[in-house]
Every structure is written in structure tokens, then in C-alpha cells.
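Q: No gaps in the numbering here: position 34 of the sequence shown is 34 in UniProt numbering, and each next residue is one more. Virtual Cβ for every residue (Gly too), placed ideally from N, Cα, C.
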Amino acid sequence: MLHSVRKRGRNAVSRAVPFTSTPDLTFFHPPSVYDFRERSEVFGPISDVIPSSPVFEMYPIGLTSIADYLEGNGYDARIVNLANQMLMDEDYDPEAEIKHSSANYFGIDLHWLPHCHGAIEIARLLKEHHPDTPVIFGGLSSSYFHDELIQYDCVDYVVRGDSTEEPILQLIETLEQGEKPHDVPNVTWVDDGDVVVNPLECVPTDLDYVSLPSYEYVIRSVVKYGSIKKTLPYRNWLDDPVTLLLLSRGCARNCSFCGGSRSSYQKVANRSSPALRSPEQLLRDVEEITAFSKGPIFVIHDLRMGGPDYAHEFLDLLEEADVENEFIFELFGPADEELFERFDRATADYSLQLSIESHDEDVRKRVGKFATSNEELERTLSQALDHGCNKIDLFFMVGLPEQTYDDAVGDVAYSRHLLETFDDDRIAPFTAPLAPFLDPGSPGYENPEEYGYRPFCDTIEEHRERLLSPSWKHMLSYETEWMSRDDIVDATYEAAFGMNELKHEFDVIDQNTYQEVKTRLERSQEVIDAVDDVLEGPEDERQERLEQLQEELGGTGEYSICGNDELTWNNDGFRDVLSLGKLGMQILFGSKRNSESETMRVSRSGERR
């Protein structure tokens, strides 16, 4: 049900207040491990198929929607990407940043679990330097571990769920009035020593009430606070800007290893079905993006999740808009020829990302994605190539239910079959491990015996300790009935070497990329073996030997198993500086968006009002 818009907050036009130096709320995005620059970890291939590094410097796009929502209701908000600044500048001092920050509230995202060490350490530093300022946690991992997180002295509030714009706003409004948040939905907090878990009631049924992601907020923030470095989404974004188009929160699929699965959202976010963004709003998102970027637009989720009418309506609108940017679409299952014809007509260029996970049909059925025959999968690839697809990235995974060592390395042979069959260098296969953690909330995590997983971690503190292990092998939080931890690591490297050789043979990658990946793989294996030798040696010598190894390694222990430019698309970057400056001023001073008329809030039940 659509309710009338309610204009609330201290100042409904705060979007138009330029050059604010002191925000009401500052969000800090932590690195995976706080002191990663001083430690001897070998991170390995734990982030190979996402834009960020193993430091996980890419912050969740939901931070921009929360910040934009707060500013639309009178509260200034700022995002500080600590992880990215630590990665880009070896002299950057995150503690000094924290010490000199001034805000009424601090927020920390713990969305992806590999941030759990850095998130807690940042919270401790905030409490050390600002003991009276509330620290608020949010994100899916925060929601899952809310009852454990709230036990930390440095955590004051955990806001649960996948759509926390309104609960965070209500929390701030309540605290500003000097009241306790008894009536604020989705919040876990402590009242006179007792943990209080408020009902998780704010679960919006659609996503049109919020700007998601809000690139207007990012541009406005740069002008408002005078720094682009602090707000950058990830390390290489200025050089290779990829923007995101989010179709939904929640998922219709229930993949065994995924913390974003249907059953996980039900458990963690009280969401029984996906909340979709309307096709009309998606087009407005595209228009917002193309105002500043000529780069590729990544569509998160399979368009068909909203049904055939939903997909067709959006593609019709996109075709009419005549957008020049390339689009990258995800598919969670086989598609017919009509869909690729529509992709081709609606876009100037498009590519696909298909996480088929395994060449083995039985493994795929157990996983829950592309649970179809290889024949049907190959028909999908053929039709995409016949209808203008620029590139198809195929992702395989190591560490799946019912997957043996031979199954994992067999993905290379199947990839050879595909490259020989299609004789087309537009197909690019990749392999990566399920690492470092089995996702909390996923079917495999919740029912490990049913899916053949043997978990090593249960609590958030156990996961934090695992992140401090000296190599990604020892970070792994699980093994399976079919593969030990050693098997998972060995299969990953054997498959990675094989994929690298294969792609070089079929001219999918050039000689420089091939040699770069080969060298990194060899070095990574050597270091993994060296770490094992240290850990098998005398206990009193381990720390000294690990420190010596760190001196030899240098850097952050990153050893990717694919090339730096393999997961990129044609990218014309940003529009000219003059256009960007003009756009920034329009957004900042309100001519781009009427901030008062578009201030929209949702009720406790998630209905718009």
C-alpha cells in the first residue's frame, strides 16, 4: 500500500546545504583485517571475482542509500572508506582519521563476514577516542551475529535487516530526543545491562522508496566535504569506473553456499520474497549513472527474477532511452533466444556473467544454480554469442557440496571443451575457491551435515581469529566430506594453473597476462608451503619466522589467480570534468532533485508513506 509522503526531520533540505564539515553520522568502512599492512598474512584468491582486493575495500552500496535517506530527512551523513585509503597510501593513519573525526554518531558496516576483524577494531578505536559517541553496526553479517556483537563494549546498537534506512533514521531521531529506542524496529541494544532485541518489522516490499545505490549522494558528498578519496567505492574506481544497478534485495534462489539465498534472507532479514525496484525506477537509476559515467553498468541479479513482464518492461524502457554504456547482465539459469535478442536491441553493448559453479550436472543441482544439463547450458552460450554478446565470463567454484577433487580440476577440461566447441575468445572461464568463509545464513552453514560441510567456526570471534591466520589455507572456515582443506587449496591451484594455460592457448589472454598469473600462482604456492613449514616447526620460533617471511613478501600478501585486467570491460570512464563539476553543483544546490518533495519514508512494516 502506498502511503502519503511524510516530510520529517530537522531540515528537509539538508541535501542543499553545501560544504558541511561536521556530519551528524559518519560511516567507516573497515578493511578485512585492521592492521593488514603490518601482518604476514597471505590472502590468496579470496576476492578474485569481485572488484575489490583481499582487503575488501569495496563498501556495500547500501551505505549510499542510507546516507542519502538520512540527508533527505535533515541529517548530514558521510562515508569514509578507511580500507581503501589504507590500501592506497602506506602513510595513511586510520587512527588519526578516527581521532580527529567529529560526528554525533558513528556507523560501521559489517555486511561481508571477512570484515569482522577490521570492523571490531575500528569500533574499539572509536570508543577509545570518542567514548560518549554511539557506535552503530549494520549489514547482513551484523544482523546474523547481532546478539554476539552487542556483547562487545565498543558496540552500542546493531540495526538488523537488509533495508535499514528508516530504522537508522528513527534510531537517530529517538536518541536526539534523549529517549531510549524501545519502539525503533530492527534494533538490538542494551538497556541497563540487559540485551533488548526489538522486533525486525521494517521489511520494505519494494525498493522505490530509496535511491539505491545513490551516486548522486557520492557526487554531492565529494563537493560537500571536499574529498573524493574518502568516498571512493574501491581502489581502482577512478581508473575503471563500474557502476551498479540493483534490481532487488533478497533472492528467489536458494544456493547452498550463499549468504544472500532465499532462506538466509528469511532468517536474517525476515524477508520472505525479494523486494524489487520497479522498471521505471531502474531507468531513472540508469539516467543518474549516465549523467556522470560512460563506463559499464553491472545489473545485479537476474532480470527474470521479477518475472518475464518485469524483464520485458525494463528492456523496453532501456531500448527507448538509447543508452551508450555497456551493460553486464547476470543469469542464474539457462535463457532462451528471445532474451538475448532483447538484450541486443535494448543496449549498445552487453556482456554476461554466469556463475555456473561446476561442470558436473549433479553438483550444480545440489548447489541450486544452473540445475540443468550441459547441453542446455551450451545452448544458452551459443544463443548469447549469436546475438551480439561481447563477452561471457564463466565462473567455477571449488568447495561445493558433492564436489570431489577430480570434479574441481575437471572444470578445466570442460572449459577446453567449450573453447574448442565455440572457437570463440569471447568466452572466458575462471575458477576460485569458496573462501575464506562459508557464509553464515546459507543453507550449507545452517545445515552443514545435510550439505556435507564440516565447519571450523561458529562464533564471530572464531571467524575473527581465523582471519589472523598466516595464509588463506588456514583462514578457510570449513572443509567438506569430499575434500579436506588441503584438497580445496591444492585443487584451486591445479585448476587455476590449468585455466591460465588454457586461456593462453586459445588467445583469451595475452602473453603478459599469462606470465603474470603464472608467476603469481607459483609464488603463492611457494609461500603457502613455506607457511606450512613454519607452522609445523617449533612453536617458539613461529612468530619470528613468520615475520621474516613477511619481510620477504612485502605488500599485502595478495596473490590473485586471474589477471588484473581479465575481469574488466570496455570502459570510457567518466564524462568530462566540466560536465561533472556542473552536475555536482546541480545536485548540491538541489536543481537536480527536489529534496523536499522527494523525502519519502517507510513505516515499521516497510510500507511507503
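1) Near Asp425, which residues of its chain fall below 7 Å by C-beta distance, leaving aside the five closest residues on each side in sequence?
2) For Asn512, does the three-state DSSP call read helix, strand or coil?
3) Helix, strand or coil for Arg235? Go by DSSP, reduced to three states.
4) Tell me the DSSP bridge mates of Cys389?
5) Between which residues of its own chain and Pro334 is the CB-CB distance below 8 Å, once the five residues before and five after are set aside?
6) If you scan the UniProt domain "B12-binding" (46-182) from start to end, which runs of the beta strand (DSSP E) of 3 or more residues do you find wholly inside it?
7) How is Glu598 classed by DSSP in three states: helix, strand or coil?
8) Tell me which residues share the same chain as Lys518 and place their Cβ nearer than 7 Å to its Cβ, disregarding the 5 neighbours each side in the sequence.
9) Look at the Cβ atom of Phe332, then the Cβ atom of Ile297, and state whether they are nearer than 8 Å.
10) So what does Glu290 bridge to, in DSSP terms?
11) Tell me Met397's beta-bridge partners as DSSP assigns them.
12) Are the Cβ atoms of Ala346 and Leu394 separated by less than 8 Å?
13) Ordered along the chain, which non-local residues of its own chain (more than five positions away) have a Cβ less than 8 Å from that of Gly181?
14) Where does the unbroken beta strand (DSSP E) through Arg416 begin, and where does it stop?
15) With H, G and I counted as helix, E and B as strand and the rest as coil, what does DSSP make of Trp472?
16) Could you give the uninterrupted runs of the alpha helix (DSSP H) lying entirely in the segment 189-231, keeping only those of 4 residues or more?
17) Classify Gly193: buried if its beta carbon has 16 or more other beta carbons within 10 angstroms, exposed otherwise.
18) May I have the straight-line CA-CA distance separating Ala311 from Leu339, to the nearest angstrom?
19) Apart from the five residues on each side of it in sequence, which residues of its chain come closer than 8 Å, Cβ to Cβ, to Gln525?
20) Would the segment 55-72 count as touching the segment 26-39 if we require 3 or more Cβ pairs under 8 Å?
21) Closest to Glu216 by CA distance: which of Val286, Glu148, Glu38 is it?
22) Let's see if you can read the secondary structure: which residues bound the beta strand (DSSP E) around Val299?
23) Mapping the DSSP letters down to three states, classify Pro504 as helix, strand or coil.
24) Tell me which residues share the same chain as Tyr92 and place their Cβ nearer than 8 Å to its Cβ, disregarding the 5 neighbours each side in the sequence.
A: Let's see:
1) For the purposes of this step, residue 425 is identified with residue 425 of the sequence shown, where counting begins at 1. The residues are Phe506, Asp507, Val508.
2) For the purposes of this step, residue 512 is taken as the residue at position 512 of the sequence shown. Correct three-state label for Asn512: helix.
3) Within the sequence shown, residue 235 is the residue found at index 235, counting from 1. Coil at Arg235, not helix or strand.
4) Within the sequence shown, numbered from 1, the residue matching residue 389 stands at position 389. Paired residue(s): Tyr350.
5) Your numbering for residue 334 matches position 334 in the sequence shown. These residues qualify, in order along the chain: Phe370, Thr372, Glu376, Leu377, Arg379, Thr380.
6) 77-81, 105-109, 135-138, 157-159
7) Counting from 1 along the sequence shown, the entry for residue 598 is found at position 598. Here the model assigns Glu598 a pLDDT of 49, short of 50, so the residue's position is not dependable, and the following value carries that caveat. Looking at Glu598 - three-state DSSP - the assignment turns out to be coil, as it is neither helix nor strand.
8) Along the sequence shown, one-based indexing puts residue 518 at 518. Asn500.
9) One-based indexing of the sequence shown puts residue 332 at position 332. One-based indexing of the sequence shown puts residue 297 at position 297. In this structure, Ile297 does not lie closer than 8 Å to Phe332 by Cβ.
10) Within the sequence shown, the letter at position 290 stands for residue 290. Here residue 290 is Thr; the residue named in the question, Glu, does not match the sequence. Beta-bridge pairing links Thr290 to no other residue.
11) As a first step, residue 397 must be located in the sequence shown, where it is residue number 397. Bridge partners of Met397: Ala432.
12) In the sequence shown, residue 346 corresponds to position 346, counting from 1. In the sequence shown, residue 394 corresponds to position 394, counting from 1. No, the pair does not count as a contact, with Cβ atoms beyond the cut-off.
13) Your numbering for residue 181 matches position 181 in the sequence shown. Residue identity differs from the one stated: residue 181 is Pro in this sequence, not Gly. These residues qualify, in order along the chain: Tyr157, Gln170, Leu171, Thr174, Leu175, Val187, Trp189, Asn198.
14) Sequence index remark: in the sequence shown, residue 416 carries index 416 (1-based). Segment 405-422 is the alpha helix (DSSP H) holding Arg416; no beta strand (DSSP E) there.
15) For this step, residue 472 is matched to residue 472 along the sequence shown. Three-state DSSP puts Trp472 in a helix.
16) 215-225
17) As a position in the sequence shown, residue 193 is number 193, starting the count at 1. Answer is exposed; the Cβ neighbour count stays below 16.
18) Looking up residue 311 in the sequence shown gives position 311. Looking up residue 339 in the sequence shown gives position 339. Rounded to whole angstroms, Ala311 to Leu339 spans 9 Å at the Cα level.
19) In the sequence shown, residue 525 corresponds to position 525, counting from 1. Closer than 8 Å at Cβ, skipping near neighbours: Tyr493.
20) yes
21) For this step, residue 216 is matched to residue 216 along the sequence shown. It is Val286.
22) Working through the sequence shown from its first residue, we reach residue 299 at position 299. That run of the beta strand (DSSP E) goes 297-302.
23) As a working mapping, residue 504 is identified with position 504 in the sequence shown. Note that residue 504 is His in the sequence shown here, rather than Pro. Of the three classes helix, strand and coil, the one that applies to His504 here is helix, per DSSP.
24) Here residue 92 refers to the residue found at position 92 when the sequence shown is read from its first residue. So the list reads Gln85, Met86, once near-sequence residues are dropped.
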